[in-house]
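Per my numbering, the sequence shown starts with residue 495, numbered consecutively. Let me begin by presenting the structure, written as structure tokens, before commenting on it.
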Amino acid sequence: MLLQKSKKKAQKVKAFTQAQKVKKKDMAQKKNEEKIEVAEEKVRDGDPDKSLDLTNKVREFLYCLLI
């Protein structure tokens, strides 16, 4: 009986931990998408120095997707 309870608790903890990881990853992805949108707007506004910033943001975003 105790073994079953501890297994169930371990499963719940594992599920919660996994959900937290997914949530954290989703938040990071959303944040990166927002950064990319801001960089794209700056490029559209004619800021030539920001084109390199956009490239870096895209690299950061793709790297985060790989993790």
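Cβ atoms here follow ideal geometry from the backbone N, Cα and C, with glycine treated the same way.
Closest in alpha carbon position to A533, among A522, N550, K501, is N550. If you look at M495, you'll find it isn't in any alpha helix (DSSP H); DSSP assigns it neither H nor E.
A contact is defined here as three or more CB-CB pairs under 8 angstroms, and the stretch 551-559 meets this definition with respect to the stretch 513-527. Relative to the Cα of E531, the nearest Cα in the group V552, L497, A513 belongs to V552.
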